[in-house]
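For the record, the sequence lines run as chains A and B.
Take 375 as the starting number for the first sequence in our numbering and just add one per residue.
Take 251 as the starting number for the second sequence in our numbering and just add one per residue.
Just below is one structure, and these are the notes that go with it.
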Amino acid sequence: MSEAFTKAMARNIFYGGSLFFLLLFLALTFDTEGALPDRDNRQAITEKVAMGKRLWEVNNCIGCHTLLGEGAYFAPELGNAYKRLGGKAGIIGFIKSRPKDGIPGRRSMPQFNFTDEELDAIAEFLKYTSEINTANWPPNIQG
Amino acid sequence: MQYQSQAVAKLYFTAAIGLFAGQILFGLILGLQYVVGDFLFPAIPFNVARMVHTNLLIVWILFGFMGAAYYLVPEEAERELHSPGLAVLMFWVFLVAGALTILGYLLVPYSGLAQMTGNDLLPTMGREFLEQPTITKIGIVIVALAFLYNIGMTILSGRKTVVNLVLLIGLTGLAVLFLFAFYNPDNLVKDKFYWWWVVHLWVEGVWELILGSILAFVLIKTTGVDREVIEKWLYVIIAMTLITGIIGTGHHYYWIGTPEYWQWWGSVFSALEPIPFFMMTVFAFNMVNRRRRNHPNKAAVLWALGTAVMAFLGAGVWGFLHTLAPVNYYTHGSQITAAHGHMAFYGAYAMIVLTIISYAMPMMRGRKAANSNRSQVLEMWSFWLMTVSMVFITLFLTGAGILQVYLQRYSDNPLPFMVVQEKIALFYWLREVTGLVFLIGLVLYIASFFVGSKDPEVAVEQAASPTA
Ligand code: HEM
Ligand code: HEM
Ligand SMILES: [Fe+2]
């Protein structure tokens with residue numbers, strides 16, 4: 375690098391540039407927080423949905439599936455599972471019917487032995503998720 | 251080694267290598283489960299093996315960063331570590347907490363682990379990379395605070411160099427951003443939004459500062475190039491990192507319920523994120539070309555150059571590949587993501603830790619500057635085996651990803667996820683076989699610590715004739 379460009383100048387660009395873009399990022403975050411209520415389907419977050427989210431977490435579903443495209447890539451996207459599986463009944467039926475020892479030779483989902491209430495909560499959570507405004511993602515129903 | 255207390259780094263580096271081996275074993279289990287779906291089912295389901303794989307990765311990288319700091323901070327500050335005893339204590343706390351957590355994953359069903367550890371009191375579990383029980387997370391914060399105190403005190407009361415300062419900023423940022431792991435609202439969109447403040451602002455933000463400062467340290471030591479020159483480069487690189495990387499977070503805010511203007515902010519700024527990685531490559535090669543000495547530790551120089559190149563390929567090139575919103579619309583959450591994640595993590599963070607280990611370990615094991623020739627040759631073999639197999643793992647996953655995206659998301663008759671997975675199984679087999687080659691490389695790497703350890707050291711120091 376040229377001699378005319380000194381270490382002090384480089385340092386100032388680092389501090390000044392980082393600070394500027396950090397503040398800009400915080401401003402964008404602030405604006406996003408303001409815009410979210412119209413997009414994030416928060417009016418649908420009931421006790422049931424919150425319970426469903428907790429169950430989603432403590433069973434580590436994200437360790438195999440993606441949710442809105444984030445997670446693991448071993449099993450199907452679930453952000454639109456409510457639509458793909460035909461509503462709550464489809465989701466509940468699928469989760470309930472997993473064989474305990476899996477399907478020989480194939481990737482299998484564990485049998486979690488959820489109660490009916492838990493199954494309902496998970497389905498409610500996935501219903502809420504499917505109604506978040508994701509700018510039309512995924513491209514089609516296959517996720 | 252100029253200061254006694256630098257030796258605590260040896261503990262950290264040894265643990266890092268051990269956990270790295272564990273990470274790879276579980277990677278191979280995952281890779282096999284991809285094609286032999288019922289492998290180890292239901293004893294070790296995929297999600298459990300994956301948590302072990304990714305959490306071991308994060309933990310060994312953190313061990314590596316801490317070891318690097320304990321090694322280079324005293325040397326840069328020109329004084330002993332503030333408290334070597336605290337460093338040893340925190341090592342054991344971290345190792346035991348980490349081991350218990352991994353055993354918890356493997357031995358208890360995850361929901362049981364959540365219950366045992368009181369997740370209900372402050373639910374933070376069950377999110378990717380942040381699966382640790384809340385008490386483990388609190389433990390991580392305590393270890394991080396003690397660590398920052400220790401190196402902070404050393405730096406503040408010693409010689410202040412840019413390398414130390416940048417490292418300290420990076421490590422402080424790492425600890426501060428981790429606090430967002432404790433924020434887990436019921437609102438999924440907000441949960442995801444701030445989750446990225448840990449994950450993205452780590453790997454494309456503050457960790458790059460840590461990477462840059464370790465690389466700068468090793469280059470100062472091995473090339474003898476004037477510190478002023480290296481420090482100027484370091485400032486420019488990390489300036490570009492944060493200028494592009496902070497707003498670049500927006501490349502994760504396209505499809506998770508956040509406003510659509512992020513498609514612009516995210517695309518534009520993250521498209522610039524390869525710049526600092528490219529500069530790092532130019533920097534490393536430039537410094538080695540302008541070297542004033544031929545350091546006898548050739549393996550360490552190879553690792554340093556390799557880090558710069560592979561970080562650019564994995565983060566810069568493979569990151570750019572899918573970062574523009576119209577592309578990401580199709581590739582989001584596919585094998586393309588996995589391909590990029592592997593090469594970027596290996597190229598940037600695994601390799602920088604292996605670089606500092608390669609540079610520092612010989613001296614901590616009683617050598618003057620470098621290992622014997624036999625040991626170095628073996629280490630360089632392991633470098634090539636691991637690095638080339640990671641390139642191929644990335645290429646196979648990219649192949650799988652392109653087909654997946656086409657068949658499942660782009661073609662006129664999109665096929666279901668599982669149908670597509672079966673069609674592209676060949677690529678997963680190739681990835682798994684290549685993973686075995688990676689494992690061979692890792693075995694050779696570990697062997698290089700034992701082979702030729704009685705042989706004489708590579709002759710020290712011939713003055714170089716600078717080519718530039
Ligand atoms: C060498 C053999 C390896 C194999 C067979 C392997 C296999 C895998 C598999 C199957 C996954 C899960 C993908 C999914 O969610 O569906 C995974 C995730 C991951 N692995 Fe590896 N891995 C290996 C080595 C490594 C190395 C060396 C690193 C980094 C240094 C690494 C870093 C990661 C990361 C960061 C993830 C999460 C990726 C994401 O979320 O996109 N792996 N690995
Ligand atoms: C060393 C630096 C980097 C590392 C370690 C890294 C690692 C990762 C990992 C592990 C993921 C997957 C996260 C998940 O599981 O959801 C990811 C996603 C992503 N990365 Fe990076 N990355 C780095 C740099 C970059 C850069 C410089 C760019 C852009 C030029 C980039 C672009 C992306 C994009 C667009 C995604 C989202 C993929 C998706 O939509 O599924 N990354 N990265
Ligand atoms: Fe990112």
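Glycine is no exception: its CB is placed at the ideal position from the N, C-alpha and C atoms.
Because the structure is a prediction, the values reported are computed rather than measured.
- By alpha-carbon distance to Ala431 (chain B), the top candidate from B:Glu454, B:Thr384, B:Met613 is B:Thr384.
- In this structure Met530 (chain B) does not touch Met560 (chain B) by the C-beta definition: roughly 11 Å separates them, more than the 8 Å allowed.
- Secondary structure note for Phe562 (chain B): it is in no alpha helix (DSSP H), with a DSSP letter that is neither H nor E.
- Only residues of its own chain outside the window of five on either side were considered, and among them Met614 have a CB closer than 6 Å to the CB of Lys260 (chain B), listed in chain order.
- Residue state for Arg541 (chain B) is assigned as coil, using DSSP reduced to three classes.
- At the C-beta level, Trp446 (chain B) and His502 (chain B) come within 8 Å of one another.
- Under the Cβ criterion of 8 Å, Arg659 (chain B) is counted among the residues facing chain A.
- Relative to ligand 2, Phe595 (chain B) has its C-beta within less than 7 Å of a heavy atom.
- Taking 4 residues as the minimum length, the alpha helix (DSSP H) runs contained wholly in the segment 377-417 of chain A are 381-409, in order along the chain.
- In summary, Asp436 (chain B) is buried, with 16 or more beta-carbon neighbours lying within 10 Å of its beta-carbon over all protein chains present.
- When CB distances to chain A are screened at a threshold of 8 Å, the residues of the segment 567-585 of chain B falling below it are Tyr579, Tyr580, His582, Gly583, Ser584, Gln585, in chain order.
- Rounded to the nearest angstrom, the Cβ distance from Phe570 (chain B) to Pro524 (chain B) is 5 Å, consistent with a contact under 8 Å.
- Not a single C-beta of chain B is nearer than 8 Å to the C-beta of Asn487 (chain A).
- Chain B has a Cβ within less than 8 Å of the Cβ of Ala446 (chain A).
- Your pair Ser517 (chain B) and Leu451 (chain B) does not check out as a contact, with CB atoms roughly 18 Å apart and the cut at 8 Å.
- Taking 8 Å as the cut-off, the beta carbon of Arg480 (chain A) is found closer than this to the beta carbon of Gly287 (chain B).
- Here the distance from the Cβ of Tyr599 (chain B) to the nearest heavy atom of ligand 2 is below 7 Å.
- Gly445 (chain A) is bridged by DSSP to A:Thr440.
- Across the structure, Leu465 (chain B) and His572 (chain B) are spaced so that their CA atoms are roughly 27 Å apart.
- Where Ala620 (chain B) is concerned, there is no enclosing alpha helix (DSSP H), because DSSP gives it neither an H nor an E.
- By the Cβ rule, the segment 487-497 of chain A counts as touching the segment 425-443 of chain A, because three or more pairs are nearer than 8 Å.
- His590 (chain B): member of the alpha helix (DSSP H) spanning 585-594, first to last residue.
- For Gly517 (chain A), the chain B residues whose C-beta falls within less than 7 Å of its own C-beta are Phe667, listed in chain order.
- By the Cβ neighbour-count rule, Ala675 (chain B) is exposed, with fewer than 16 other Cβ atoms within 10 Å of its own.
- Pairing Tyr678 (chain B) with Tyr284 (chain B) gives a Cβ-Cβ distance under 8 Å.
- The segment 443-456 of chain A makes contact with the segment 495-506 of chain A; the number of CB pairs closer than 8 Å reaches 3 or more.
- Contact residues of the segment 382-416 of chain A toward chain B are Ala384, Arg385, Ile387, Phe388, Gly391, Ser392, Phe395, Leu396, Leu398, Phe399, Leu402, Thr406, Ala409, Leu410, Arg413, Asp414, Arg416 (C-beta to C-beta distance below 7 Å).
- Distance from Leu356 (chain B) to Val298 (chain B) at the Cβ level is roughly 7 Å; contact confirmed, criterion being Cβ atoms closer than 8 Å.
- In the DSSP assignment, Asn414 (chain B) falls within the alpha helix (DSSP H) that extends over 412-428.
- The beta-carbon separation of Asp414 (chain A) and Gly591 (chain B), rounded to 26 Å, does not stay under the 8 Å limit for a contact.
- Residue burial annotation: Tyr660 (chain B) is exposed, with fewer than 16 other C-beta atoms found within 10 angstroms of its C-beta.
- Boundaries of the alpha helix (DSSP H) harbouring Asn400 (chain B): 384-406, taken from the DSSP string.
- Taking 8 Å as the cut-off, the beta carbon of Ile488 (chain B) is found no closer than this to the beta carbon of Phe399 (chain A).
- Taking non-hydrogen atoms of ligand 3 into account, the C-beta of Glu458 (chain B) is found less than 7 Å away from none of them.
- For Trp679 (chain B), the enclosing alpha helix (DSSP H) begins and ends at 675-697.
- Taking C-beta atoms as the reference points, Val479 (chain B) and Phe428 (chain B) fail to come closer than 8 Å.
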